[in-house]
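The structure under discussion appears below in the form of structure tokens.
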């Protein structure tokens, strides 16, 4: 065993037989299994662990749990590194590597420590005051400031670990496995309730793990005996789930609580290991037993390494068998620190004195301390400290009679550690997140839970209980009553009797006086906020605590000000001359402690990030080397490059082929809704702008649907399959929302209509063929169908057999060519496709993708919902007056088309644009102006919605929405670009075959 | 994470639902005869009360049924659910 200088010869819960090697800042150390990184460092006499955020002051280990503001380290390296890890919550494992953050070139010699010398020049709000004007320079300053004031580094690669999420339901969720939580879980479990007990620490037990039991008896034994028996009892209950290493980080509506379980953080780790599990728990009843967080005392130079919370010092001695130093001074305003003094003295640490801010110190605990020979200096305060990398001495003076200043001589006490206690703040974070009200306890200077808004109870120290007896009895009672509330009335248990010393009253002391002016007293250690900074903020007019917080950044670090917030609040209240409750508390927000993105993401990464929808012909597109684009969740073939073709070359070829021969498109993604019922035609009549009642069976009709505000929502072709049966198609991206829209109107506005809508998008594969040879191609595969133009007219439907497959064939066109949409059951999609490709070989069949489809429809001036229309466009804006039937009666959006806003003649209207240089293709989204100025701003009168090179026209084409556009045909307008101005001429948006000759060919 | 009692499926997590905004907005019949202001009132104007709010919800990832919810916007408590064709219930001790 290698020597650990400050490891006590015995005691503690660490496994002394198991030695664990680790490194800190490149140096090798040894600790024991059961240590945290903090306790192992302290065992080796290492107090200095980091530099502060702003002044780069040396900082040491301050707490012993998740409240730690100072000891933030970077763990590990490469993709598995973790920044801002609290050394106090990191479990030691073999090979652990940790480094300090925020120091350069080294922890002991940090060049930016210069900031500390000039701290007078860095007051609250310094960065705001100095760098915000002119605004553009902030961009320059920011990266340098971030570097100087940064915390840890982000990982440099993909996270190699695995994360998962799970949902759980329970009768009673108990958060915190200290004495109150254990008693509650035991009582609820005994009554028969399904219980989850979660605690953030590796070992369940909370404060009992740090309780030596010299002065406290539970039942007939020690606190440790009770803990052991209770844990064994809970482990034997089938309906009780124990979750150690699990932090309840957020409390949401209806008793929904987020838990983060650290499954593998305490292990060395292999790639693919399950690291963390996020629990989403819905509990019928919640019992909060989250304990209390010790407050620091705000005194002069209270931030030197070696100065820590008294409760933390006690934990290191009792739980880890580690001495925080060899000579210590205890500084307090309450009795709890005397327990720390007694335990340290019993462990052989020299306790120089207990400096107590109170004048009357007469209770059980001080008596025990005096009996143990510990000097008690009542009515005294620490007025300053010394020591560069570790505290070496404190100066102590007597308080004056008023208690607001100091008097008498200065006494120097040599020491290498200070244990301080400013009292305890109930951990009301989760209660407050659950929207419970807080009340201020004048006597204890604490906020405690008031009226609850959800089914939640607070017990133990988080409800301001200080005595173990109260924690246990409250726990038992809450566990029982929570179980009864969910109908579990099984066995009843009684809280054990507790013998313990009485606790005297604490005396709030928000700022310990000093004989030195202008000396720094830290309130928020992580963000380097001093009492003086808070004073300044109040003087500068920040009177709301939320404003003070943001201006000074107090409580805004990764610790969220757990140890300092109440002090900050009290100091602000003092400055304002207000009562603390009148100042209020800043909002407690989730998460209680930081949660990794990995856990929040869970397994929703890579292929599982978002569902991917593929058509039945997808594999063929892949085999042909198609490039894909995402349309919603669909993968659609974008274009099919051949050989060394560029995208432009491939698209040009596909577009030409569709007009000169035959093109084939996988259109399976088209939304398809089956609509049935005696009122189906009436329903469509109300949903679409045009008339539907006279549409014959076997005929198709194009329709545009509006929102009730008159704006275009979607469009598509609907076919009447029978008297009471229609098949509606929607755009690929809107399939789900259109179905919801139809359902909404049927259920909420027109429940009298007998209509049923069913999504059949994925039931059918759709292949679109178009071009002059499309009919010949289809004829070769569908000998029993009637395809001649007179008998199979445009906008009609025929059922038959294509390539031996039962098919529904629509003669429709989105390209302006003769076109057929062949619908077959999905599982025949690939077979149909293969047959068409094989048959099409002699016609020079060319598969085309979505890009060519867009060019083809743009040549014809067909708009796309969501591209030309953007939720602010009416059919009249699109020049589609012909689609609106004013005489058929009401339809969705009808009245809005005559609102004063929709009839303005300066609305943006759909037009075509020709660039003066036919080779120039405008960027989609480009703003159009009538008058070019030297620099922005210019009056923008419209924008480009679609823009392509059209190989059939041999020039670029664009569609645009331009104010009063239809009246501007022939006008010259301009597209100002960063490097040039492009001249455009307004044209009709139908660029190709304006008379529609080809459709009837 | 609200727990919403769907009248058809029972209590389900809010993620399964889509909120359809204020309930009991009557779509004016004979819209041609009403003026722009009245139509705009129907289209755009909604209450934003502190307290009781009568809303439409859709169990979008469940039974897909629309129904009504009475929710207290202060506490997020759901005080009643009822079907589309039902009149808003009285909430004892509360006035809308």
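Residue numbers (my numbering), protein chains in the order written: chain A, 1 to 1001; chain B, 10001 to 10096. Cβ atoms here follow ideal geometry from the backbone N, Cα and C, with glycine treated the same way.
Coarse secondary structure for residue i, derived from DSSP in three states
i	result
residue 39 of chain A	helix
residue 837 of chain A	helix
residue 639 of chain A	strand
residue 620 of chain A	helix
residue 848 of chain A	coil
residue 883 of chain A	helix
residue 644 of chain A	coil
residue 297 of chain A	coil
residue 58 of chain A	strand
residue 630 of chain A	strand
residue 10068 of chain B	strand
residue 316 of chain A	helix
residue 10052 of chain B	strand
residue 256 of chain A	strand
residue 801 of chain A	strand
residue 243 of chain A	strand
residue 532 of chain A	helix
residue 466 of chain A	coil
residue 52 of chain A	coil
Buried or exposed (CB count within 10 angstroms, at least 16 for buried), residue i
i	result
residue 10035 of chain B	exposed
residue 505 of chain A	exposed
residue 547 of chain A	exposed
residue 933 of chain A	exposed
residue 10096 of chain B	Low per-residue confidence applies at residue 10096 of chain B: pLDDT is 49, beneath 50, and the placement is therefore not dependable enough to give any value.
residue 1021 of chain A	The structure shown does not extend to residue 1021 of chain A, since chain A spans only 1 to 1001, so no value can be given for it.
residue 425 of chain A	buried
residue 705 of chain A	buried
residue 317 of chain A	buried
residue 564 of chain A	buried
residue 995 of chain A	exposed
residue 10039 of chain B	buried
residue 288 of chain A	buried
residue 851 of chain A	buried
Identity of the residue in the options nearest residue i by Cα
i	options	result
residue 926 of chain A	A/934, A/531 and A/946	A/946
residue 674 of chain A	A/719, A/701 and A/896	A/719
residue 368 of chain A	A/215, A/892, A/464 and A/533	A/215
residue 914 of chain A	A/784, A/323 and A/858	A/858
residue 650 of chain A	A/853, A/366 and A/194	A/853
residue 152 of chain A	A/552, A/808, A/196 and A/77	A/77
residue 897 of chain A	A/319, A/576, A/834 and A/877	A/877
residue 22 of chain A	A/36, A/11, A/14 and A/10	A/36
residue 780 of chain A	A/801, A/764 and A/766	A/801
residue 10016 of chain B	B/10094, B/10063 and B/10087	B/10063
residue 429 of chain A	A/405, A/12, A/652 and A/461	A/461
residue 966 of chain A	A/988, A/38 and A/5	A/988
For residue j and residue i, the rounded distance between their alpha carbons
i	j	result
residue 10085 of chain B	residue 10028 of chain B	17 angstroms
residue 265 of chain A	residue 276 of chain A	7 angstroms
residue 778 of chain A	residue 974 of chain A	46 angstroms
residue 198 of chain A	residue 243 of chain A	5 angstroms
residue 671 of chain A	residue 614 of chain A	14 angstroms
residue 47 of chain A	residue 306 of chain A	6 angstroms
residue 267 of chain A	residue 58 of chain A	30 angstroms
residue 485 of chain A	residue 284 of chain A	9 angstroms
residue 257 of chain A	residue 250 of chain A	6 angstroms
residue 10088 of chain B	residue 10010 of chain B	20 angstroms
residue 28 of chain A	residue 4 of chain A	12 angstroms
Beta-ladder partner(s) of residue i, from DSSP
i	result
residue 292 of chain A	A/426
residue 10057 of chain B	B/10019 and B/10067
residue 823 of chain A	A/766 and A/808
Under 7 angstroms from the C-beta of residue i: neighbouring residues of chain D
i	result
residue 441 of chain A	The chain labelled as chain D is not found among the protein chains of the depicted structure, namely A and B.
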